[in-house]
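In our numbering, the protein residues as written are 617 to 667.
Each remark here refers to the structure printed beneath this line.
Dropping the structure here:
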């Protein structure tokens with residue numbers, strides 16, 4: 617199986633799993649992920665500013 621097909625199948629499976637999770641849980645997970653992304657972006661910006 618090619619890498620692209622494997623990734624597509626994993627994405628489909630993740631979508632099926634996520635669709636069974638209650639909306640409130642999905643919302644909190646998205647908020648947590650957004651917080652992690654924001655923290656990482658701030659760390660990258662700080663590292664770039666230090667250069």
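For every residue, glycine included, the Cβ atom is placed at its ideal position computed from N, Cα and C.
As the structure is a prediction and not an experimental result, all values here were calculated from the model.
Inset, instruction - Just confirm the distance between the C-beta atoms of residue 622 and residue 634, as a whole number of angstroms; I'd bet it's less than 8 Å. - result: With a Cβ gap of about 19 Å, residue 622 and residue 634 do not count as contacting.
Legend entry - Distance between residue 650 and residue 640 (C-alpha atoms, nearest Å): 15 Å
Legend entry - Simplified DSSP assignment, three categories, for residue 637: coil
Legend entry - residue 643 in three-state terms, based on DSSP: helix
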